[in-house]
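Quick look at the structure:
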């Protein structure tokens, strides 16, 4: 696996509709804007951390279709390695995103993402410094954990958090999740019985870091939310890039919150993902 970071999980195409109001049942609303773009939590994270200067590869699956070819080309254009991506006969994962007032509602079709466990089974993680696992089924998570070698692991369970108990998370160095997901897994203290650190994304209230030794907190940065799609992935990329760069918990939280603040000011899951210079300039200006 080429690169110091591997990102395991979904690769999607996003069909985003920007609305002044959501349609009601059995009704129709005209969108004010439309964007066809690339998404998927693992792919978004990979692009985010690559822009921040960390070599990264993706492990996942796409279909043998136009969307799949386009998704791979977009990753390669960002310098992200795709040697761990399987191509299969299922169609490429697709998400319909409805954005109203900067907030989004999504309907997803997993498609080729159903094969993530097989992609993880075939991937070569040798030489990886860290493996980021994003919103995958439990079987895929277990496959990565069996084969991670000496790599550190960050895990963002996303909507799949209900599949996991704290005991399932042994070996995870950074557990990244939002407040609702933290509650579903039993809270920070329960998680810390298994993981090295729990990092809690609190939206407009910033983020928190918990380990057995310490706590740290960072307020959110002021930003006008145009589209929150991918904000969590942007945070993950910023936090992990800072942590791998040797920065402490407070600064890593600041990088995560800053990356998310920059992302939400632009439409699309990846369009607002910052470079290292853009992020550090933003943080300097915000101090």
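In UniProt numbering, the protein residues as written are 1 to 287. Quick reminder that beta carbons are idealized off the backbone N, C-alpha and C, glycines included.
Distance between residue 49 and residue 5 (C-alpha atoms, nearest Å): 9 Å
Between residue 141 and residue 164, is the Cβ-Cβ spacing less than 9 Å? yes
Residue 57 lies in the beta strand (DSSP E); which residues open and close that run? 56-63
Beta carbon of residue 239 nearer than 9 Å to that of residue 195: no
When the Cα atoms are used, what is the spatial distance from residue 42 to residue 35? 20 Å
In angstroms with no decimal places, state the Cα-to-Cα distance between residue 276 and residue 52. 4 Å
By how many angstroms is the C-alpha of residue 231 removed from the C-alpha of residue 259? 8 Å
DSSP puts residue 109 in a beta bridge; with which residues? Residue 109 is bridged by DSSP to 94.
Residue 170, buried or exposed, once every other Cβ within 10 Å from all chains shown has been counted against 16: exposed
Environment of residue 235 [buried if 16+ CB atoms lie within 10 Å]: Burial call: buried.
Please state the DSSP three-state secondary structure of residue 167. helix
Give a yes or no on whether the C-beta atoms belonging to residue 18 and residue 267 are separated by under 9 Å. yes
In the region 170-227, which residue ranges form an unbroken alpha helix (DSSP H) of at least 4 residues, counting only runs that do not cross its ends? 179-184, 188-191
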